[in-house]
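Contents: one structure, followed by commentary.
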Amino acid sequence: MIDLREVATPPWEDDLLVTAEFARVVHVWSLSRAVRCASFETVFDFGGRRLALVPGERPVVVAGAYTHHGVRGHDLSGEELWQDRSRTNVQIITALAGGRVAVSCDRGPTRVLEAATGQELGSLRGVRRVFALRPDLSLGVGSDWCRLLDGSLEWRGTRIAVPSAAIVSAASDGEHLAVAEVGGPLRILDLEGRERGRVADHFWHVVHDPVTDTWVVVRVSEDGRTSLLRLSDDAEVLEQHPCEPFRDVATMRGGRSLAVLLAEGVQILDCSDWSVRTLAAT
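First residue of the sequence shown: 285, per my numbering; consecutive thereafter.
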């Protein structure tokens with residue numbers, strides 16, 4: 285029996301996603317085939333966000349560990365493409381467009397690597413983690429601020445003040461930015477940081493659904509119950525829907541779907557109508 289702990293895929297990916305068990309074992313899944321299609325061992329250990337799938341002509345799985353083993357890249361069959369043991373205390377790995385990956389560690393700036401080779405392409409000074417929002421838009425998070433980055437990872441707009449290391453999820457529709465902070469609130473801002481609305485609650489994940497042009501958020505109550513909320517741009521609650529307990533969530537298909545991780549497999553949730561299909565762990 286597999287025991288899954290983390291799921292990862294960039295928000296714009298239509299087919300592939302990766303999951304990881306508590307340590308070392310990674311699985312690749314395909315939506316079009318509705319199955320787990322590969323499994324292999326790598327340096328992954330649980331904690332932080334140490335797993336990424338980087339799309340491209342030859343997709344790459346990048347995994348990291350907190351101590352000893354650094355960061356490693358694999359093709360979808362599990363073949364090792366590269367390993368960098370110099371990057372220790374890895375906390376966050378984020379897939380970016382253009383075949384790049386951002387690696388954030390406990391110390392030093394976030395490094396941007398070429399996913400296929402591990403070659404360093406640049407660094408983001410003062411950035412503790414990166415959220416990939418769209419192929420042409422990311423969010424860099426510092427000690428008490430966040431700021432948008434364009435597709436070339438150049439700064440866009442102004443710094444937005446946030447509590448220290450507080451952002452757990454972020455999404456954008458190209459005109460607005462939704463930011464969920466640890467313990468709440470969730471804020472909906474324009475791209476210059478002006479607030480349009482907020483909800484004071486605890487949220488795990490936020491996504492913009494282009495089909496309904498609404499924000500879908502995963503809420504976790506104090507007693508552990510989970511539910512889905514649909515919000516307007518002004519953070520008005522338009523709809524609520526119960527959902528079963530989960531371990532992790534990732535955005536797929538440009539915000540049209542959520543990959544919901546259960547202990548033994550993955551469910552794909554349609555953000556527009558809440559329908560669910562299950563990927564088989566064959």
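Even for Gly, the Cβ is constructed at its ideal location relative to N, Cα and C.
Verify whether the separation of the beta carbon atoms of residue i and residue j is less than 8 angstroms.
i: L417; j: A454; result: yes
i: L563; j: W313; result: yes
i: V446; j: A399; result: no
i: F328; j: A292; result: no
i: L365; j: L408; result: no
Roughly how many whole angstroms lie between the Cα atoms of residue i and residue j?
i: T351; j: R334; result: 12 angstroms
i: N373; j: V302; result: 22 angstroms
i: A543; j: M536; result: 7 angstroms
i: D493; j: A565; result: 27 angstroms
i: H315; j: P529; result: One detail in the question is off: residue 315 reads as Leu in this sequence, not His. Cα to Cα, L315 sits roughly 21 angstroms from P529.
i: R356; j: G549; result: 24 angstroms
i: T401; j: E506; result: 43 angstroms
i: G392; j: D557; result: 43 angstroms
i: D359; j: E479; result: 42 angstroms
i: P526; j: L553; result: 12 angstroms
i: R342; j: R371; result: 24 angstroms
i: G424; j: V463; result: 12 angstroms
i: S388; j: V502; result: 25 angstroms
i: I444; j: G468; result: 16 angstroms
i: R317; j: T498; result: 29 angstroms
i: G331; j: H353; result: 15 angstroms
i: T244; j: T394; result: Here the chain has residues from 285 to 566 only, and residue 244 is not among them.
i: M285; j: Q367; result: 29 angstroms
Between which residues of its own chain and residue i is the CB-CB distance below 6 angstroms, once the five residues before and five after are set aside?
i: A450; result: E465, V466
i: Q551; result: V544, V560, T562
i: V396; result: R384, A386, L405, G406
i: E481; result: Before going further, note that residue 481 is Gly rather than Glu in the sequence given. Closer than 6 angstroms at Cβ, skipping near neighbours: I472, D518, A519.
i: V452; result: A464, V466
i: S422; result: V414, A416, L433
If I'm right that residue i touches residue j with Cβ under 8 angstroms, what's the distance once you round it to whole angstroms?
i: L470; j: F487; result: 5 angstroms
i: T378; j: V411; result: The Cβ separation is near 10 angstroms, so there is no contact.
i: H531; j: R289; result: The sequence shown places Arg at residue 531, rather than the His named in the question. Confirmed, Cβ separation roughly 6 angstroms.
i: G362; j: A322; result: 6 angstroms
i: A534; j: D287; result: Between D287 and A534 the Cβ distance is about 18 angstroms, and since that is not below 8 angstroms, they are no contact.
I'd like the list of long-range same chain contacts for residue i, defined as Cβ closer than 8 angstroms, with 5 residues on each side in sequence excluded.
i: C555; result: V491, D493, V495, T496, V500, G539, R540, S541, L542
i: Q524; result: S511, L512, L513, R514
i: D420; result: A381, D434, G435
i: V504; result: H486, F487, W488, T510
i: V521; result: V483, L513, R514, L515
i: L300; result: T293, V312, W313, S314, L315, L337, P339, P343, L360
Leaving out five residues on either side along the sequence, give the residues of the same chain with a beta carbon under 7 angstroms from the beta carbon of residue i.
i: D390; result: N373, Q375
i: Q403; result: L397
i: F324; result: V310, H358, G362
i: R440; result: L432, L433, D434
i: T326; result: R308, V310, A347, R356, H358
Could you tell me if the beta carbon of residue i falls within a distance shorter than 7 angstroms of some heavy atom in the ligand SAH?
i: T510; result: Ligands displayed in this structure: none; no statement on the ligand SAH is therefore possible.
(message) Under 8 angstroms, with one C-beta from each stretch per pair, do the stretch 450-461 and the stretch 474-493 reach the 3-pair mark?
(response) Yes, they touch.
(message) For the structure I just gave you, are there three or more beta carbon pairs, one from the stretch 417-437 and one from the stretch 306-322, closer than 8 angstroms?
(response) Cβ pair count under 8 angstroms is below three, so no.
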